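**Student:** Before I ask anything, here is the structure I am working with.
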Amino acid sequence: MGEEPATPLQRLRAMGLSLPAAPAALASYVPTTTLPVGDGRVLVFVAGQVAMKDGVPAHRGRVPDEVSLAAAQENARLVGLNILAQLEHAVGLDNVVRVLKLDAFVRSADGFEQQPAVVNAASELLVAVLGEAGRHARAAVGVIGLPGGVPVEIAAIALAREMPR
Amino acid sequence: MGEEPATPLQRLRAMGLSLPAAPAALASYVPTTTLPVGDGRVLVFVAGQVAMKDGVPAHRGRVPDEVSLAAAQENARLVGLNILAQLEHAVGLDNVVRVLKLDAFVRSADGFEQQPAVVNAASELLVAVLGEAGRHARAAVGVIGLPGGVPVEIAAIALAREMPR
Amino acid sequence: MGEEPATPLQRLRAMGLSLPAAPAALASYVPTTTLPVGDGRVLVFVAGQVAMKDGVPAHRGRVPDEVSLAAAQENARLVGLNILAQLEHAVGLDNVVRVLKLDAFVRSADGFEQQPAVVNAASELLVAVLGEAGRHARAAVGVIGLPGGVPVEIAAIALAREMPR
Numbered sequence: 740m741g742e743e744p745a746t747p748l749q750r751l752r753a754m755g756l757s758l759p760a761a762p763a764a765l766a767s768y769v770p771t772t773t774l775p776v777g778d779g780r781v782l783v784f785v786a787g788q789v790a791m792k793d794g795v796p797a798h799r800g801r802v803p804d805e806v807s808l809a810a811a812q813e814n815a816r817l818v819g820l821n822i823l824a825q826l827e828h829a830v831g832l833d834n835v836v837r838v839l840k841l842d843a844f845v846r847s848a849d850g851f852e853q854q855p856a857v858v859n860a861a862s863e864l865l866v867a868v869l870g871e872a873g874r875h876a877r878a879a880v881g882v883i884g885l886p887g888g889v890p891v892e893i894a895a896i897a898l899a900r901e902m903p904r
Numbered sequence: 740m741g742e743e744p745a746t747p748l749q750r751l752r753a754m755g756l757s758l759p760a761a762p763a764a765l766a767s768y769v770p771t772t773t774l775p776v777g778d779g780r781v782l783v784f785v786a787g788q789v790a791m792k793d794g795v796p797a798h799r800g801r802v803p804d805e806v807s808l809a810a811a812q813e814n815a816r817l818v819g820l821n822i823l824a825q826l827e828h829a830v831g832l833d834n835v836v837r838v839l840k841l842d843a844f845v846r847s848a849d850g851f852e853q854q855p856a857v858v859n860a861a862s863e864l865l866v867a868v869l870g871e872a873g874r875h876a877r878a879a880v881g882v883i884g885l886p887g888g889v890p891v892e893i894a895a896i897a898l899a900r901e902m903p904r
Numbered sequence: 740m741g742e743e744p745a746t747p748l749q750r751l752r753a754m755g756l757s758l759p760a761a762p763a764a765l766a767s768y769v770p771t772t773t774l775p776v777g778d779g780r781v782l783v784f785v786a787g788q789v790a791m792k793d794g795v796p797a798h799r800g801r802v803p804d805e806v807s808l809a810a811a812q813e814n815a816r817l818v819g820l821n822i823l824a825q826l827e828h829a830v831g832l833d834n835v836v837r838v839l840k841l842d843a844f845v846r847s848a849d850g851f852e853q854q855p856a857v858v859n860a861a862s863e864l865l866v867a868v869l870g871e872a873g874r875h876a877r878a879a880v881g882v883i884g885l886p887g888g889v890p891v892e893i894a895a896i897a898l899a900r901e902m903p904r
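Protein chains in written order, with the working numbering: chain A, 740 to 904; chain B, 740 to 904; chain C, 740 to 904.
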């Protein structure tokens, strides 16, 4: 398989991906908050991320009747990229020690039971980019509505080394 | 604009608001839990708050067809007041270092996409009362049902200085 | 009432219950993550737990029209057992200092408002087994869908003493 890329950003590049700018909060809140928890480490709370493209939702609607499972997975992957962008902006991806938890919400048609298959696309991206540090606990549930009609929203909690200032 | 009120409780008073008694848990749980995280600080988990009035829900139903957007915002503001009441009771509002995260659930009709507009009413109250310490990360989603038929439920995580006992 | 059983596992046995094996994650995530928070203590994030029986959901469907309130409570109790199983596996039940928070999701029919009555079955089990250490903050909401059609999913955050290795 060749040499393993050394850093998260190199791994992203090797996957043909690049990090978007960390999205601004869409309302009266902030994208991330941090608190020191000793030993030069901080806990990072990442606000619920969604996938926008040029100011409008990248996908829009219920899974699977309005947004197919495959499209929802693509959306979840974009959401995962935004989580990485927020972590890069807040603490630097090189400093992420562990993604501790994802709270994942999938806008679901009545009877849709494959929320895990949707959210896996985000989870797998985090592991591909961050390696073991990307392996997280997770809750994935189906909701009746999400902001702006997006199909996927994911919030995260991570542990990081404090960035040298 | 005159002099800035010095404390969270003074700011509340200047807004014509007063803090309700911290609501008791409605079931088999407690309203807040805390854990020390070093340097005389504690992490506070606030259970999901709803808005009751004289023992019944202040508003009841789905947003926006049963509860209007404006009424849902008024409800979210009452929920925000209850979060402040729980923080005052648990650690004292003067000791709040940062509201780290809100998890906000809005009972939504199919197709309702303005959960952020509802939850902003709570978020903006926290910032008005706590200042920079009130600026939080947040997830806001639309759910099919909430306890007792309320339109809004919000849980919170905050960092505070330990109260001298 | 006789002598109080001394340990969580003894209390479980006295209730006629035994701990299942900690369920493996059903998708691209891990069942628990932990982080040290000083003084030999760790914070534990338990991924959303559901109740499976021989590889299929123990119950399946919406509450209360497809799964009765009583059956949903039985399901929530099984989910609570799985949370205990994850804590036993990750840190040992004897080391649990406090269950800090439950995030509870109940697959709900439109108009169902008794999510707390469902989730109480899990909350009460935690208190019965862990005593004061089991008393937690909680959010309980009604969702339109859950993985595999289960009626209840619950995630948890706990504080524990580090297991001697």
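Where is the CB? At the ideal position from N, CA and C, for every residue including glycine.
Treat the numbers as computed from the prediction; the structure is a model and nothing was measured.
Tell me the rounded alpha-carbon separation between residue 900 of chain A and residue 888 of chain A.
**Tutor:** As a position in the first sequence, residue 900 of chain A is number 161, starting the count at 1. As a position in the first sequence, residue 888 of chain A is number 149, starting the count at 1. Their backbone Cα atoms lie some 35 Å apart in a straight line.
**Student:** On a Cα-Cα basis, can you pick out the residue from B:776, B:857, B:885 and B:897 that is closest to residue 765 of chain B?
**Tutor:** Against the second sequence, residue 765 of chain B aligns to sequence position 26. Cα-wise, what sits closest to residue 765 of chain B is B:885.
**Student:** Do residue 839 of chain B and residue 784 of chain A have their C-beta atoms within less than 7 Å of each other?
**Tutor:** Position 100 of the second sequence, counted from the first residue, corresponds to residue 839 of chain B. Position 45 of the first sequence, counted from the first residue, corresponds to residue 784 of chain A. Less than 7 Å separates the beta-carbon of residue 839 of chain B from that of residue 784 of chain A.
**Student:** List in chain order: all unbroken beta strand (DSSP E) runs of 3+ residues lying wholly within the segment 758-820 of chain B.
**Tutor:** 771-775 and 780-788
**Student:** Give the straight-line distance between the Cα atoms of residue 755 of chain C and residue 796 of chain C, rounded to the nearest whole angstrom.
**Tutor:** On the third sequence, position 16 is the one that residue 755 of chain C refers to. On the third sequence, position 57 is the one that residue 796 of chain C refers to. Going by the C-alpha atoms only, they are around 22 Å apart.
**Student:** Quick one: what's got a C-beta closer than 6 Å to residue 790 of chain C's C-beta in the same chain, skipping five residues either side?
**Tutor:** In the third sequence, the residue the question calls residue 790 of chain C occupies position 51. Closer than 6 Å at the Cβ level, and outside the excluded window around residue 790 of chain C, lie 797, 814, 817 and 818.
**Student:** Which residues in chain C have a C-beta closer than 9 Å to the C-beta of residue 900 of chain A? List them in chain order.
**Tutor:** Within the first sequence, the letter at position 161 stands for residue 900 of chain A. The premise fails here: residue 900 of chain A is roughly 12 Å from chain C at the closest Cβ pair, so nothing lies under 9 Å.
**Student:** In whole angstroms, give me the CA-to-CA distance for residue 856 of chain C and residue 745 of chain A.
**Tutor:** If you number the third sequence from 1, residue 856 of chain C lands on position 117. If you number the first sequence from 1, residue 745 of chain A lands on position 6. For residue 856 of chain C and residue 745 of chain A, the distance between alpha carbons rounds to 50 Å.
**Student:** Quick one: does the C-beta of residue 797 of chain B sit closer than 6 Å to a heavy atom of the ligand HEM?
**Tutor:** Judged by which ligands are present, the structure shown has none, so any question about the ligand HEM falls away.
**Student:** What whole-angstrom Cβ distance do residue 874 of chain B and residue 769 of chain A have, given they're in contact under 8 Å?
**Tutor:** Taking the second sequence and counting its residues from 1, one reaches residue 874 of chain B at position 135. Taking the first sequence and counting its residues from 1, one reaches residue 769 of chain A at position 30. Indeed they touch by this definition, with Cβ atoms about 5 Å apart.
**Student:** Considering only their Cβ atoms, is the gap separating residue 882 of chain A from residue 806 of chain C smaller than 7 Å?
**Tutor:** Here the question's residue 806 of chain C lines up with position 67 in the third sequence. Here the question's residue 882 of chain A lines up with position 143 in the first sequence. Not closer than 7 Å, so no.
**Student:** By a C-beta neighbour count over all protein chains shown, 10 Å radius and 16 as the cutoff for buried, is residue 842 of chain A buried or exposed?
**Tutor:** Residue 842 of chain A sits at position 103 when you count from the first residue of the first sequence. With 16 or more Cβ atoms within 10 Å of its Cβ, residue 842 of chain A is classed as buried.
**Student:** Express the C-alpha separation of residue 757 of chain B and residue 750 of chain A in angstroms, rounding to a whole number.
**Tutor:** Taking the first residue of the first sequence as position 1, residue 750 of chain A is located at position 11. Taking the first residue of the second sequence as position 1, residue 757 of chain B is located at position 18. Straight-line Cα distance between these residues: approximately 53 Å.
**Student:** What residues in its chain sit with their C-beta under 7 Å from that of residue 774 of chain B, if we drop five residues either side in the sequence?
**Tutor:** Taking the second sequence and counting its residues from 1, the one referred to as residue 774 of chain B is at position 35. Closer than 7 Å at Cβ, skipping near neighbours: 781 and 782.
**Student:** For residue 823 of chain A and residue 876 of chain B, I'd like the C-alpha separation in whole angstroms.
**Tutor:** Translated into the one-based positions of the first sequence, residue 823 of chain A becomes position 84. Translated into the one-based positions of the second sequence, residue 876 of chain B becomes position 137. C-alpha of residue 823 of chain A to C-alpha of residue 876 of chain B: approximately 16 Å in a straight line.
**Student:** From the DSSP secondary-structure annotation, give me the bridge partner or partners of residue 884 of chain B.
**Tutor:** Looking up residue 884 of chain B in the second sequence gives position 145. BP columns for residue 884 of chain B point to C:881.
**Student:** Kindly indicate which three-state DSSP category residue 750 of chain C falls into: helix, strand or coil?
**Tutor:** Taking the first residue of the third sequence as 1, we reach residue 750 of chain C at position 11. In the three-state reduction of the DSSP assignment, residue 750 of chain C falls in the helix class, which pools H, G and I.
**Student:** If distances are taken between C-alpha atoms only, which option among A:787, A:849 and A:767 comes closest to residue 802 of chain A?
**Tutor:** Against the first sequence, residue 802 of chain A aligns to sequence position 63. If we check each option's Cα against that of residue 802 of chain A, A:849 comes out closest.
**Student:** Under 7 Å between the Cβ atoms of residue 835 of chain C and residue 869 of chain C?
**Tutor:** The residue labelled residue 835 of chain C in the question sits at position 96 within the third sequence. The residue labelled residue 869 of chain C in the question sits at position 130 within the third sequence. Against a cut-off of 7 Å, the Cβ pair of residue 869 of chain C and residue 835 of chain C comes out as a contact.
**Student:** Between which residues of its own chain and residue 753 of chain B is the CB-CB distance below 6 Å, once the five residues before and five after are set aside?
**Tutor:** In the second sequence, residue 753 of chain B corresponds to position 14, counting from 1. Closer than 6 Å at Cβ, skipping near neighbours: 744.
**Student:** Which value, in whole angstroms, describes the spacing of the CA atoms of residue 786 of chain C and residue 847 of chain A?
**Tutor:** To locate residue 786 of chain C, count along the third sequence from 1; it is residue 47. To locate residue 847 of chain A, count along the first sequence from 1; it is residue 108. Spanning the two alpha carbons is a distance of roughly 20 Å.
**Student:** Would you mind stating whether residue 800 of chain B and residue 777 of chain C have Cβ atoms separated by less than 7 Å?
**Tutor:** Within the second sequence, the letter at position 61 stands for residue 800 of chain B. Within the third sequence, the letter at position 38 stands for residue 777 of chain C. No, the Cβ-Cβ distance between residue 800 of chain B and residue 777 of chain C is not below 7 Å.
**Student:** Relative to the C-alpha of residue 810 of chain A, which residue among A:890, A:837, A:761 and A:747 is closest?
**Tutor:** Looking up residue 810 of chain A in the first sequence gives position 71. Out of A:890, A:837, A:761 and A:747, A:890 has the C-alpha closest to the C-alpha of residue 810 of chain A.
**Student:** Along chain B, which residues have their Cβ under 9 Å away from the Cβ of residue 813 of chain C?
**Tutor:** Residue numbering aside, residue 813 of chain C sits at position 74 when the third sequence is read from its first letter. What residue 813 of chain C touches in chain B: nothing, since even the nearest Cβ is about 16 Å away.
**Student:** What residues are listed by DSSP as bridge partners for residue 893 of chain A?
**Tutor:** Walking along the first sequence from the start, residue 893 of chain A turns up at place 154. Residue 893 of chain A is bridged to A:788 and A:843.
**Student:** So what does DSSP say about residue 868 of chain C, is it helix, strand or coil?
**Tutor:** To locate residue 868 of chain C, count along the third sequence from 1; it is residue 129. Helix.
**Student:** Does any residue of chain B have a CB that is nearer than 7 Å to the CB of residue 819 of chain C?
**Tutor:** Taking the third sequence and counting its residues from 1, one reaches residue 819 of chain C at position 80. With 7 Å as the cut-off, residue 819 of chain C does not count as an interface residue toward chain B.
**Student:** Please name the residues in the segment 865-885 of chain C whose beta-carbon is closer than 8 Å to at least one beta-carbon of chain A, in chain order.
**Tutor:** 882, 883, 884 and 885
**Student:** Helix, strand or coil for residue 835 of chain B per DSSP?
**Tutor:** Position 96 of the second sequence holds residue 835 of chain B. Three-state result, residue 835 of chain B: strand.
**Student:** Using three-state DSSP, classify residue 848 of chain A as helix, strand or coil.
**Tutor:** Here residue 848 of chain A is taken as the residue at index 109 of the first sequence, counted from 1. Looking at residue 848 of chain A - three-state DSSP - the assignment turns out to be coil, as it is neither helix nor strand.
**Student:** Just how far apart, CA to CA, sit residue 898 of chain C and residue 892 of chain A?
**Tutor:** As a first step, residue 898 of chain C must be located in the third sequence, where it is residue number 159. As a first step, residue 892 of chain A must be located in the first sequence, where it is residue number 153. Approximately 27 Å between the Cα atoms of the pair.
**Student:** Are there 16 or more other CB atoms within 10 angstroms of the CB of residue 872 of chain B, so buried, or fewer, so exposed?
**Tutor:** Position 133 of the second sequence, counted from the first residue, corresponds to residue 872 of chain B. Only buried fits residue 872 of chain B, as 16 or more other CB atoms lie within 10 angstroms of its CB.
**Student:** Here's the rule: buried if 16 or more other CB atoms are within 10 angstroms of the residue's CB, otherwise exposed. What is residue 832 of chain C?
**Tutor:** Residue numbering aside, residue 832 of chain C sits at position 93 when the third sequence is read from its first letter. Label assigned to residue 832 of chain C: buried.
**Student:** Are there 16 or more other CB atoms within 10 angstroms of the CB of residue 864 of chain A, so buried, or fewer, so exposed?
**Tutor:** Position 125 of the first sequence holds residue 864 of chain A. So residue 864 of chain A ends up on the buried side.
**Student:** Could you check whether residue 862 of chain A and residue 767 of chain C sit closer than 7 Å to each other, using their CB atoms as the reference points?
**Tutor:** The residue you call residue 767 of chain C lines up with position 28 of the third sequence. The residue you call residue 862 of chain A lines up with position 123 of the first sequence. In this structure, residue 862 of chain A lies closer than 7 Å to residue 767 of chain C by Cβ.
**Student:** Would DSSP call residue 823 of chain B helix, strand or coil?
**Tutor:** As a position in the second sequence, residue 823 of chain B is number 84, starting the count at 1. Note: residue 823 of chain B maps to helix in three-state DSSP.
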